[in-house]
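Structure, as structure tokens:
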Amino acid sequence: DLPMDIVDRKVRKMTMISPTNKEVQIGQTLKDDEFIGMVRREVMDDFLRKRANESGCTLINGLFMSMTLPKSKDESYVLTYNDFAEGDGTSRQGIKKTLEVDVVIGADGANSRVAKEI
């Protein structure tokens with residue numbers, strides 16, 4: 016459930032148009048007290064980061080570069096990323112690092128670098 020303070024607009028009807036120009040009507044089945052909550056991406060991202068951190072995740076300010084897939088079920092994924100948290104803060108390159116993980120969640124948008132690696 017999303018808190019109402021991050022909802023930017025309450026929409027009852029809308030038309031979504033695909034890149035191929037196909038139109039889809041949204042909201043026709045909503046009940047009188049229902050709506051589609053529209054949120055700004057940066058607000059939603061901040062909310063999700065804070066919630067993940069409160070649940071015990073370690074946040075990393077970095078840019079995903081590549082991933083090595085496990086060769087067996089007992090191996091980890093190895094992520095390569097540029098860490099922006101270290102250094103003097105003047106470089107946009109960051110410091111190249113790797114991280115071994117058991118699970119990868121690609122939540123990096125429509126042009127996902129994570130999805131392209133999988």
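Each residue of the sequence shown is one higher than the one before, counting from 16 in the working numbering.
The beta carbon of each residue, even a glycine, is placed where N, CA and C say it ideally should be.
Bear in mind that the values here come from a model prediction, so they are computed numbers and not experimental data.
Query raised in the report: How many whole angstroms separate the CB atoms of D98 and I110, which I take to be in contact at a CB cut-off of 8 Å?
Result: Here residue 98 refers to the residue found at position 83 of the sequence shown. Here residue 110 refers to the residue found at position 95 of the sequence shown. The Cβ separation is near 5 Å, so the contact holds.
Query raised in the report: Can you list, in chain order, the residues of its chain whose CB lies under 8 Å from that of T30, leaving out five sequence neighbours each side?
Result: As a first step, residue 30 is located in the sequence shown; it is residue number 15 there, counting from the start. The answer, listed in chain order, is E38, V39, Q40, I41.
Query raised in the report: In this structure, does DSSP put I75 in helix, strand or coil?
Result: Taking the sequence shown and counting its residues from 1, one reaches residue 75 at position 60. Of the three classes helix, strand and coil, the one that applies to I75 here is coil, per DSSP.
Query raised in the report: So M53 packs on R24, CB below 8 Å; how close in whole Å?
Result: Taking the sequence shown and counting its residues from 1, one reaches residue 53 at position 38. Taking the sequence shown and counting its residues from 1, one reaches residue 24 at position 9. So it is a contact: roughly 4 Å between Cβ atoms.
**Report entry** M82, buried or exposed, once every other Cβ within 10 Å from all chains shown has been counted against 16
**Finding:** Looking up residue 82 in the sequence shown gives position 67. Classification of M82: buried, given that the 10 Å Cβ count is 16 or more.
Report task. On the DSSP bridge assignment, give the partners of G52 in chain order. Result -> Taking the sequence shown and counting its residues from 1, one reaches residue 52 at position 37. Beta-bridge partners assigned by DSSP to G52: K25.
Query raised in the report: In three-state DSSP terms, what is N126?
Result: Here residue 126 corresponds to residue number 111 of the sequence shown, with the count starting at 1. It is coil, neither helix nor strand.
Query raised in the report: Would a C-beta distance cut-off of 8 Å place F62 and I21 closer than the cut-off?
Result: Here residue 62 refers to the residue found at position 47 of the sequence shown. Here residue 21 refers to the residue found at position 6 of the sequence shown. In contact: F62 and I21 (Cβ atoms closer than 8 Å).
Requested in this report: Give the DSSP-derived three-state secondary structure of E38 in the structure shown.
Outcome: The residue labelled residue 38 in the question sits at position 23 within the sequence shown. Residue state, collapsed to three classes: strand.
Query raised in the report: Taking C-beta to C-beta, are V116 and Y92 nearer than 8 Å?
Result: Counting from 1 along the sequence shown, the entry for residue 116 is found at position 101. Counting from 1 along the sequence shown, the entry for residue 92 is found at position 77. Going by C-beta atoms, V116 is nearer than 8 Å to Y92.
Requested in this report: Pick out whichever of D48, T35, D60, S33 has its Cα sitting closest to the Cα of Y17.
Outcome: Position 2 of the sequence shown holds residue 17. Before going on, a small fix: residue 17 reads as Leu here, not Tyr. Answer by Cα proximity: D60.
Query raised in the report: Is the distance from the Cβ of L94 to the Cβ of T73 below 8 Å?
Result: Position 79 of the sequence shown holds residue 94. Position 58 of the sequence shown holds residue 73. Against a cut-off of 8 Å, the Cβ pair of T73 and L94 comes out as no contact.
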